[in-house]
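Student: Mapping to this note's numbering: the sequence shown position 54 is 58, numbers consecutive.
Glycine residues also receive a C-beta, built at the ideal position from the N, C-alpha and C atoms.
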Amino acid sequence: MPLFAILRKTSDFWKPLMGFMDRQGNVKIEPQFLNTVLYQRKVFSDAGYTVVQRPGAKQPIVIDEGGETVFEFPKDHQPINFAAPDAHGIFGVVHEVDAGNQELWKLDGREFYFLGETRYYAMRIDGSIAFEAYISKAMNGFYVFSKSPKATEKRGLMNHEGQVIIPPIYDRISLSQTDPYVTVVKDGAANILTYEGSPVFPRSFQIDDPFFLPTVEDGLWIVAKSDQSHADVYDVASTAVIGQLPMTFSSPTLPIVIPRLSGGVVRINDACKGSMYLYPDGRPVMPGVSGRPRWFKPEMQTGDFHDGRASFRLGKVSGYLDLSGEAAIAAQFNSDHPFQHGLARVRYPADGNSLDRYSYIDREGNVVWHQEY
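Okay, here's the thing in structure tokens:
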């Protein structure tokens with residue numbers, strides 16, 4: 005059963021303690037850690053581990069779902085992105101050799117930078133090194149790796165035994181959350197690879213901005229046409245186009261981007277009309293007049309669907325829509341985080357005094373846990 009991060013205020017307003025609760029709001033691990041993972045979508049790994057740090061401690065630790073310490077990071081080692089050990093007991097670490105030497109640190113503005121030797125490992129939970137590389141993403145025992153975190157470094161894919169599956173020749177690699185496929189980009193061209201490293205499509209697709217390129221979700225991949233007039237939806241198994249979608253508005257600086265599939269539907273934004281939802285084949289999720297898609301006005305800022313709920317914002321308060329387009333949860337919150345595992349983290353009530361405390365609600369809007377002062 006998934007656990008969710010909770011906070012408890014302390015005498016130091018800016019340093020609340022973090023603990024964990026279950027889906028019913030029962031506190032399973034009392035607040036006792038620094039706030040390190042509250043904003044992560046996935047707090048515990050599938051193996052039941054998370055990385056935390058106690059107040060005053062120099063090194064982070066790995067704990068299990070019972071709150072027991074199973075690993076303490078060695079001196080001068082830090083977790084990469086606070087990613088927890090996976091089912092193979094592997095996680096990424098950075099080792100700043102001789103980090104205790106003050107002469108190896110440089111102050112640049114408000115930030116200190118380490119100038120000494122830095123090494124990157126895939127470490128096992130017993131403290132041994134699986135292989136030496138920088139791990140940026142992990143999924144099902146496969147790891148996106150490079151020499152360093154620099155954006156210019158080429159990336160590849162490695163398995164949990166340290167075998168290179170995809171050589172580090174790509175500018176960007178993204179792992180699907182739902183399917184055993186890898187999205188790769190090289191020199192402005194994108195394709196889908198299997199976990200064996202074989203290309204799915206016989207040709208690559210030219211793209212403008214790899215950052216907004218969707219990954220495969222539920223067996224589907226969305227790619228913009230070369231003229232950016234619309235996006236094609238591909239069934240990855242057959243490589244056939246099953247539908248076409250309009251491009252979506254992102255911001256004045258990025259006016260046209262590829263729409264993304266979330267919760268089985270796609271949200272389309274228009275700077276003037278507002279937003280609407282479509283199925284991958286282009287059918288409207290919420291039909292309006294004469295069967296045409298229902299548009300939500302621009303002032304009603306809507307989000308993507310997760311667990312059958314999409315956030316919407318009216319003025320300073322937020323609520324959640326269902327797939328019929330109705331307000332399943334009335335606007336009453338100061339934040340609109342997406343649902344995950346049946347719960348959403350919100351600031352409640354929206355009375356101007358809740359900006360420093362959190363609540364969790366279920367899909368019906370019931371508060372299952374509330375942070376007290």
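Helix, strand or coil: how does DSSP classify Q106 here?
Tutor: helix
Student: For P388, name the three-state secondary structure that DSSP assigns.
Tutor: Outside the displayed range of the chain (5 to 377) lies residue 388, so it cannot be described from this structure.
Student: What residue range is occupied by the uninterrupted beta strand (DSSP E) comprising I133?
Tutor: I133 to E136
Student: What three-state label does DSSP hand F95 in the structure shown?
Tutor: In this structure, F95 counts as strand in the three-state DSSP scheme.
Student: Using only the alpha-carbon positions, how far apart do K229 and G295 sit?
Tutor: 26 Å
Student: Give the straight-line distance between the Cα atoms of F95 and L11, rounded to the nearest whole angstrom.
Tutor: 25 Å
Student: Can you name, in chain order, every residue of its own chain whose Cβ lies under 6 Å from the Cβ of G71, other than the five neighbours on each side?
Tutor: I33
Student: Go ahead and pull the three-state DSSP assignment for F17.
Tutor: DSSP places F17 in coil when its eight states are reduced to three.
Student: Within the same chain, show all residues whose beta-carbon is closer than 7 Å to that of F205, passing over the 5 residues directly before and after it, in chain order.
Tutor: N195, I196 and T243
Student: Relative to the C-alpha of S218, which candidate in R207, S202, A134 and D183 has its C-alpha closest?
Tutor: Correcting the residue type first, residue 218 is Pro in the shown sequence and not Ser. Per the Cα distances, D183.
Student: In the structure shown, what three-state DSSP assignment does F48 receive?
Tutor: Taken through DSSP and simplified to helix, strand or coil, F48 comes out as coil.
Student: Relative to the C-alpha of T252, which residue among I246, V245, R264 and A241 is closest?
Tutor: R264
Student: Within its chain, find whatever has a CB closer than 8 Å to the CB of L258; leave out the 5 residues flanking it on each side and keep chain order.
Tutor: D213 and F216
Student: Closest to G104 by C-alpha separation, out of G93, D112 and Y117, would be which residue?
Tutor: Y117
Student: Tell me where the beta strand (DSSP E) around L224 begins and ends.
Tutor: L224 to A228
Student: Run through the DSSP bridge pairs and tell me what N195 is partnered with.
Tutor: Within the DSSP bridge table, the entry for N195 names V188 as partners.
Student: Tell me, please, which residues DSSP counts as bridged to A314.
Tutor: F309 and L325
Student: Which of the three DSSP states is assigned to S339 in this structure?
Tutor: coil
Student: Spatial neighbours of P35 within its chain, please: CB distance less than 8 Å, with the 5 preceding and 5 following residues excluded, ordered by chain position.
Tutor: Excluding sequence neighbours, P35 sits near I10, L11, R12, P20, L21, M22 and G23.
Student: What residue range does the beta strand (DSSP E) around V31 cover?
Tutor: V31 to F37
Student: Find out if the Cβ-Cβ distance for the pair L160, R128 is shorter than 8 Å.
Tutor: Strictly speaking, residue 160 in this sequence is Gly, with Leu absent from that position. No. Outside cutoff.
Student: May I ask you to report which of helix, strand or coil DSSP gives P214?
Tutor: Here P214 sits in helix by DSSP.
Student: Any contact between the stretch 294 to 314 and the stretch 342 to 356? By contact I mean 3 or more CB pairs, one from each, below 8 Å.
Tutor: yes
Student: Give me the Cβ distance between A91 and D50, rounded to the nearest whole Å; I'm assuming they're in contact under 8 Å.
Tutor: 6 Å
Student: Less than 6 Å between C-beta atoms, sequence neighbours within five positions excluded: which residues of the same chain meet that for T122?
Tutor: E100
Student: Bridge partners of I177, per DSSP?
Tutor: V188
Student: With distances taken between CB atoms, is the gap from F146 to N163 smaller than 8 Å?
Tutor: yes
Student: Could you tell me if S233 is buried or exposed, where buried requires 16 or more neighbouring beta carbons within 10 angstroms of its beta carbon?
Tutor: exposed
Student: What's the call for R287, buried or exposed, on a 16-neighbour Cβ count within 10 Å?
Tutor: exposed
Student: I'd like the list of long-range same chain contacts for S363, defined as Cβ closer than 6 Å, with 5 residues on each side in sequence excluded.
Tutor: V350, Y352, V371 and H374
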